[in-house]
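Q: First to last, the protein sequences are chains A and B.
FYI, the numbering for the first sequence is 30 to 113, going by the working numbering.
FYI, the numbering for the second sequence is 30 to 113, going by the working numbering.
Note that CB positions come from ideal geometry on N, CA and C, so glycine has one too.
In this text the structure is predicted, and so the values were computed from the model without any measurement.
There are 2 protein chains.
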Amino acid sequence: MKDIFKALNDETRREILELLKKEDLTAGEIADNFSISKPSISHHLDILQRADLIAGEKKGQFIHYSINTTILDDVFTWLLTLKK
Amino acid sequence: MKDIFKALNDETRREILELLKKEDLTAGEIADNFSISKPSISHHLDILQRADLIAGEKKGQFIHYSINTTILDDVFTWLLTLKK
DNA sequence: ACAGTATTTAGATATTTGTCTAAATAACTA
DNA sequence: TAGTTATTTAGACAAATATCTAAATACTGT
Numbered sequence: 030m031k032d033i034f035k036a037l038n039d040e041t042r043r044e045i046l047e048l049l050k051k052e053d054l055t056a057g058e059i060a061d062n063f064s065i066s067k068p069s070i071s072h073h074l075d076i077l078q079r080a081d082l083i084a085g086e087k088k089g090q091f092i093h094y095s096i097n098t099t100i101l102d103d104v105f106t107w108l109l110t111l112k113k
Numbered sequence: 030m031k032d033i034f035k036a037l038n039d040e041t042r043r044e045i046l047e048l049l050k051k052e053d054l055t056a057g058e059i060a061d062n063f064s065i066s067k068p069s070i071s072h073h074l075d076i077l078q079r080a081d082l083i084a085g086e087k088k089g090q091f092i093h094y095s096i097n098t099t100i101l102d103d104v105f106t107w108l109l110t111l112k113k
C-alpha cells in the first residue's frame, strides 16, 4: 500500500500509467513521450514495478511493459473505507 | 489531484484520515494518537487541508478537524479510467 | 492584567526523491 | 568479432520532505 501511494505520487509516473492503459510499450517508447532522460524513466519504471502497478517482460533487446490494474483494488478498498 | 496524491503519500496522514473517519477531533486529540511532536502533526494537518481532504473549524481555543471525502471522488474517477 | 492551554509558525537538520551524465549489460547485425 | 541499439546501474547533486525545538499567536479563566 505504501509502495502504491508512493508510485502514484508523481506526475510522470501517472502519465506512464495512462500511456500503458492504452497499449503495451517498450521502455524506449515510453521514454519518447517525455522530455526527461532515459535513465530517469527507467527509474520511474522501477518504482512502478516495485508497486506491482506495471510488469516488464524482456523480448530480445526490448522490455515490454504492461499495466497491472488489479493492484489498484487495494487502493479502492482503502479509499472506500474512508467514505464509510 | 497532485495535492491529493501528495497528501495520501504518508502513513501518518493516512492514519489521521482514518481517525477522522470515525469522528471529528481537535488538533490536540489527533496528536495524542501519535508519538511525533505537535508541530509535526500541525504540518500534516496543513497538507491534508491544502488537499481539501480535511477541514478545520476554530471553536474557541480549539480547532475541530473533520474529513471531507467528496474530494476522493476525483481519485476514484482517475483510478477507474486506468481500469478502463 | 496575568497565567495557562491549544495550536501554529519559524528555522534548522537529516533523509528521501527526481534528475542528470557516464558507464555497464545485453542483444542484434553485419 | 566488432559496432550499434535498448535498457539499466552507478554515482553525484539539487530540491522536496518529515521531523524537531523554540517562539509566536490566540483564547480562557481568575
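Would you kindly work out how many angstroms separate the C-alpha atoms of A/D115 and A/L37, rounded to a whole number?
A: Absent from the structure is residue 115 of chain A, since the part of chain A shown begins at 30 and ends at 113.
Q: Hey, how far is the Cα of B/W107 from the Cα of A/V104?
A: As a position in the second sequence, residue 107 of chain B is number 78, starting the count at 1. As a position in the first sequence, residue 104 of chain A is number 75, starting the count at 1. When rounded, the distance between both Cα atoms is 12 Å.
Q: Could you compute how far the alpha carbon of B/A56 sits from the alpha carbon of B/K35?
A: Taking the second sequence and counting its residues from 1, one reaches residue 56 of chain B at position 27. Taking the second sequence and counting its residues from 1, one reaches residue 35 of chain B at position 6. Cα-Cα distance, rounded: 21 Å.
Q: Thinking B/S95 and B/A80 are a contact (beta carbons under 8 Å), I'd like their distance in whole angstroms, please.
A: Position 66 of the second sequence, counting from 1, holds the residue named residue 95 of chain B. Position 51 of the second sequence, counting from 1, holds the residue named residue 80 of chain B. With 8 Å as the limit, B/S95 and B/A80 do not qualify as a contact, their Cβ atoms being about 14 Å apart.
Q: Check whether the Cβ atoms of A/A60 and A/I45 lie closer than 7 Å to each other.
A: Reading the first sequence from its first residue, position 31 is the one you call residue 60 of chain A. Reading the first sequence from its first residue, position 16 is the one you call residue 45 of chain A. Not closer than 7 Å, so no.
Q: Give a yes or no on whether the minimum CB-CB distance between B/T98 and chain A is below 7 Å.
A: On the second sequence, position 69 is the one that residue 98 of chain B refers to. Cβ-Cβ to chain A under 7 Å: yes for B/T98.
Q: So, using beta-carbon positions, are A/T98 and B/K112 closer together than 7 Å?
A: Here residue 98 of chain A corresponds to residue number 69 of the first sequence, with the count starting at 1. Here residue 112 of chain B corresponds to residue number 83 of the second sequence, with the count starting at 1. Yes, the pair counts as a contact, with Cβ atoms nearer than the cut-off.
Q: Using C-beta distances below 8 Å, list every residue in its chain close to A/L74, excluding the 5 sequence neighbours before and after it, in chain order.
A: Position 45 of the first sequence, counted from the start, is the residue given in the question as residue 74 of chain A. Once the five neighbours on either side are set aside, the close Cβ partners of A/L74 are I45, A56, I59, I83, G85 and Y94.
Q: Taking B/N38 as the query, report the chain A residues whose CB atoms sit under 8 Å from its CB, ordered along the chain.
A: For this step, residue 38 of chain B is matched to residue 9 along the second sequence. The answer, in chain order, is F34, K35, L37 and N38.
Q: Closer than 7 Å, Cβ to Cβ, to anything on chain A: give me those residues from the region 50-73 of chain B, in chain order.
A: The residues in question are K50.
Q: Taking buried to mean at least 16 other C-beta atoms within 10 Å of its own C-beta, is B/I33 buried or exposed?
A: Here the question's residue 33 of chain B lines up with position 4 in the second sequence. Buried, since its Cβ has 16 or more Cβ neighbours within 10 Å.
Q: Which residues does DSSP pair with B/E86 in a beta bridge?
A: The residue given as residue 86 of chain B occupies position 57 in the second sequence. Partner(s): B/H93.
Q: Cα-Cα, which of A/T41, A/K31 and A/I92 is closest to A/I65?
A: Within the first sequence, the letter at position 36 stands for residue 65 of chain A. The option with the nearest alpha carbon to A/I65 is A/T41.
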